[in-house]
Amino acid sequence: MRISVSKGTALAVLIGLLAGCTSSGIDGLDIAKSTSVDPASTASIRPLVPPTGLDEAQAPSPLSSIEATSELGFAAERAQSPVELAVVRAETPSHPATGDFKKPKVYKASFTDAKPINFGRLSPRPFEVHGVDVSRWQGDIDWNKLRRDGGNFAFIKATDGGDHTDPNFRKNWNAAREAGVPRGAYHFFYWCRTASSQADWFIRNVPKEKGALPPVIDVEWNHTSRCKKRPDPATVREKMQVFMDRLEAHYGQRPIIYTAPDFYDDNLKGAFKNYPFWLRSVAAHPSKVYPNRDFVFWQYSGTGLAASHDTRIDLNVFNGSEAGWHKWLASNRH
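Residue 162 is where the sequence shown starts when you use our numbering, and the numbers rise one by one after that.
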């Protein structure tokens, strides 16, 4: 996922490189060029809500700031307000709702954007459940205020590669829980490390905790990393499968796949139909960028602004209604 660049970023990047692993996704440093979407050119689409790290038809993307061919149709598109969706139709392990599940309050989003995009009739604004993804680049976060601003869920950077942890992960993980924000952890996948070692590293650093959202694998090309490997599609999918199988066996939840347009086009079209996707698409609705791909989360901006902290933040929406969100939470929490 792409990250927002703030003071001290250059030093942070240098330190990351010396540590042997940097990320280009939800946490990449490249800033996507955004282009406005002409409402007249967008066919009506099934509003639903991939989160990061950018720019669909744009530039490579990362996880702090995100952007498909699958079987859930977005083709029959209706555009204005999100529909009640069968959120993960994929054969995701289901954890039936129990009496102790309490529906978290959903707050209306009041985020603004440093670089607003005209999504036309396919805007993310009508979606009822907005959220964020964060990493060390957001600095200190007032999680109670962020929740009231409309941060109804959060994906928090935990690890990348096989030897790096986000220095703010524990603080963010615990503070988000205390504020009542449903949250999950994400891992930026490093193509120069084995999948099994990365899975072990993630498991070592991310607690198996009741109520947590499913873990996320952030797969993008490592644009700013010393690792220049770009495996062929078959190898990419094999490594992802090893990583995801290990996490699913440990946490009992099917991992969410976060990706960006360029990586998706190269490796993931038609693949992993039984996995939930979180798509980065910051210049157009995901149905325009990932035709026929179903998704659960849409990362629509890497330049969001909120009163809870001083830097830009990635903004996301859940692809469904408030009722659909509560249903998804009840069946996908740990």
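Here a beta-carbon is modelled for each residue, glycine too, at the ideal position from N, C-alpha and C. Bear in mind that the values here come from a model prediction, so they are computed numbers and not experimental data.
| Query | Result |
| --- | --- |
| 8 angstroms contact criterion, which Arg494 and Gly341 should meet: CB distance rounded | In fact, because the Cβ distance is near 14 angstroms, the residues do not count as touching under 8 angstroms. |
| Proximity of Arg344 and Arg338 at Cβ, strictly below 8 angstroms | yes |
| Beta-carbon proximity of Trp382 to Gly323, cut-off 8 angstroms | no |
| For Pro376 and Lys430, the rounded distance between their alpha carbons | 21 angstroms |
| Boundaries of the beta strand (DSSP E) in which Arg309 is found, first to last residue | No beta strand (DSSP E) holds Arg309; the alpha helix (DSSP H) holding it covers Trp304 to Arg309. |
| Same chain only: Cβ atoms within 7 angstroms of Val397, ignoring 5 sequence neighbours per side | Asn428 |
| Identity of the residues DSSP links to Lys318 by a beta bridge | Tyr347 |
| Separation of Ser358 from Gln219, as counted between CA atoms | Low local confidence applies: a pLDDT of 36 at Gln219 is under 50, so the model's placement there is unreliable, and no value is given. |
| Member of Gly413, Ala395, Ala360 and Lys390 whose CA lies at the smallest distance from the CA of Glu370 | Gly413 |
| Euclidean distance between Cα positions of Ala432 and Phe438 | 11 angstroms |
| Own chain partners of Val367 with C-beta closer than 6 angstroms, once the 5 adjacent residues on each side are dropped | Ala319 and Ala346 |
| Cβ-based burial, Thr355 [other Cβ within 10 Å; buried from 16] | exposed |
| Beta-carbon proximity check, Tyr268 vs Gly311, cutoff 8 angstroms | yes |
| Ser469, buried or exposed, once every other Cβ within 10 Å from all chains shown has been counted against 16 | buried |
| Cα-Cα separation, Ile278 to Arg454 | 22 angstroms |
| Top-ranked residue by Cα proximity to Gly300, from Phe262, Glu289, Val290 and Ile317 | Ile317 |
| Contacts around Ala315, its chain only, beta-carbon distance under 7 angstroms, and the 5 residues preceding and following it disregarded | Gly292, Val293, Asp294, Val295, Ala337, Val342 and Arg344 |
| Backbone secondary structure at His325 - three-state DSSP | strand |
| CB-CB length for Tyr461 against Asn477, believed under 8 angstroms | 7 angstroms |
| Separation of Pro265 from Lys276, as counted between CA atoms | 30 angstroms |
| Given Arg407 as reference, the closest of Pro452, Ile378 and Tyr425 once Cα atoms are compared | Ile378 |
| Whole-angstrom C-beta distance between Thr420 and Arg387, which should lie under 8 angstroms | With 8 angstroms as the limit, Arg387 and Thr420 do not qualify as a contact, their Cβ atoms being about 22 angstroms apart. |
| Classification of Arg473 by the beta-carbon crowding that lies within 10 angstroms, buried from 16 upward | buried |
| Residue of Arg297, Ile302 and Leu466 minimising C-alpha distance to Asn329 | Arg297 |
| Where Arg297 sits in the DSSP three-state scheme | helix |
| Delimiting residues of the alpha helix (DSSP H) encompassing Ser358 | Ala356 to Asn366 |
| Tyr425 versus Ala445 - alpha carbon distance | 15 angstroms |
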